[in-house]
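Note that this note's numbering has the sequence shown beginning at 16, numbered continuously upward.
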Amino acid sequence: MQIWKAHYKDEFHDTDIEILNDGDEISFTLDGFRFSSSTNISEFEYINKEKSSEVENRFNIFKWNGEYATYYALQRYALDVEIPVKVIRKTDTAEITGVINISFQFVEHDINKPQVIFMNDGKRVYYDDTIVNDFSLCVDGKRYSSEKNTLDFEIALSDICTKIKSDYYIKSCFTCQYSEYSPYGHDDFGCMLCYREHKENYLKVNNFFKYILDEDSTFRQETFLCSDYDLRNKCGGYRGFVDI
């Protein structure tokens with residue numbers, strides 16, 4: 016279990032919180048209500064439907080009717096998150112701690128912008144627009160910011176890895192030889208496929224058509240790190256080499 020320091024703010028709250036990361040999902044509890052997300056750092060949902068009316072009185076909730084259930088997503092809030100990661104300093108090969116800083120906010124949807132239409136009790140509803148204020152890595156007192164204006168870890172971390180490659184590289188699943196994204200798409204966070212149990216087969220993969228989808232694999236978060244970590248410099252896989 017990892018704890019991320021964070022600050023949460025909406026019209027009802029302005030407080031420091033702790034986000035719990037168990038490797039499969041991230042969650043936090045505020046005012047006794049638990050919100051969780053598994054594949055996006057910004058899509059927290061309230062799970063306990065029995066108290067849905069209570070949570071709607073204490074938070075801004077986006078409610079929509081899915082095919083099998085009604086969903087209660089948190090919206091109209093701002094969140095600043097600190098994610099600790101291991102970083103290798105190239106000058107002396109020391110393993111040091113870096114912090115990924117992410118800051119974003121949800122604002123009312125601009126109807127002039129295209130967006131997926133959701134339905135709630137037969138009416139069209141729109142999810143809030145996301146404004147990304149920061150996605151950066153702080154290490155050795157220096158800040159390296161992504162210029163991509165996104166919460167997609169693949170895009171933002173690729174940009175940061177390019178910026179730091181002369182001096183550092185991030186030691187995590189994102190830069191591991193045996194992690195991969197699906198060529199059919201993925202969410203913003205926590206959707207890396209881990210092929211550490213199939214190392215020999217995976218090292219043969221260098222393009223879309225040879226991509227291994229029938230092997231058993233485990234989903235991992237980009238910031239996860241295990242003892243099988245190996246720097247991504249032996250094969251390109253589907254997503255290619257990380258710029259390190």
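Cβ atoms here follow ideal geometry from the backbone N, Cα and C, with glycine treated the same way.
Between the options, which lies nearest to residue i when the distance is taken from Cα to Cα?
i, options, result
"residue 222", "238, 64, 247, 255", "255"
"residue 235", "23, 41, 24", "41"
"residue 182", "66, 105, 211", "105"
"residue 57", "143, 162, 114", "143"
"residue 218", "194, 239, 202", "194"
"residue 250", "214, 69, 43", "214"
"residue 64", "121, 198, 48", "48"
"residue 28", "39, 36, 44, 37", "44"
"residue 8", "163, 141, 177", "No statement about residue 8 is possible, as the shown extent of the chain runs from 16 to 259 and does not include it."
"residue 159", "147, 177, 200", "177"
Whole angstroms is fine: what's the gap from residue i's alpha carbon to residue j's?
i, j, result
"residue 175", "residue 252", "20 Å"
"residue 208", "residue 232", "6 Å"
"residue 172", "residue 149", "12 Å"
"residue 247", "residue 74", "42 Å"
"residue 242", "residue 189", "14 Å"
"residue 155", "residue 112", "9 Å"
"residue 240", "residue 212", "15 Å"
"residue 191", "residue 23", "32 Å"
"residue 16", "residue 244", "19 Å"
"residue 85", "residue 138", "14 Å"
"residue 126", "residue 157", "39 Å"
"residue 124", "residue 107", "48 Å"
"residue 119", "residue 145", "7 Å"
"residue 237", "residue 69", "34 Å"
"residue 38", "residue 187", "13 Å"
"residue 220", "residue 163", "28 Å"
"residue 198", "residue 169", "13 Å"
"residue 55", "residue 36", "12 Å"
"residue 201", "residue 71", "30 Å"
"residue 66", "residue 257", "45 Å"
Under 7 Å, do residue i and residue j count as touching if we go by C-beta distance?
i, j, result
"residue 19", "residue 34", "yes"
"residue 115", "residue 98", "yes"
"residue 196", "residue 259", "no"
"residue 52", "residue 59", "yes"
"residue 50", "residue 61", "yes"
"residue 21", "residue 100", "no"
Applying the criterion that 16 or more other CB atoms from any shown protein chain within 10 Å of the CB defines a buried residue, is residue i buried or exposed?
i, result
"residue 179", "buried"
"residue 205", "buried"
"residue 88", "buried"
"residue 109", "exposed"
"residue 15", "Because residue 15 is not part of the residues shown, which for the chain are 16 to 259, the question remains open."
Sorted by chain position, which residues of the same chain lie with C-beta nearer than 6 Å to residue i's C-beta, five sequence neighbours on each side aside?
i, result
"residue 46", "73"
"residue 167", "203"
"residue 161", "150, 171, 174, 175"
"residue 129", "none"
Leaving out five residues before and five after residue i in sequence, what residues of the same chain have Cβ atoms less than 8 Å from its Cβ?
i, result
"residue 25", "74, 75, 91, 92, 93"
"residue 210", "193, 194, 195, 216, 217, 227, 230, 232"
"residue 30", "22, 23, 24, 45"
Grab me the residues of residue i's own chain with a C-beta within less than 7 Å of its C-beta, minus the 5 sequence neighbours each way, in chain order.
i, result
"residue 153", "113, 114, 116"
"residue 147", "119, 164, 165, 166"
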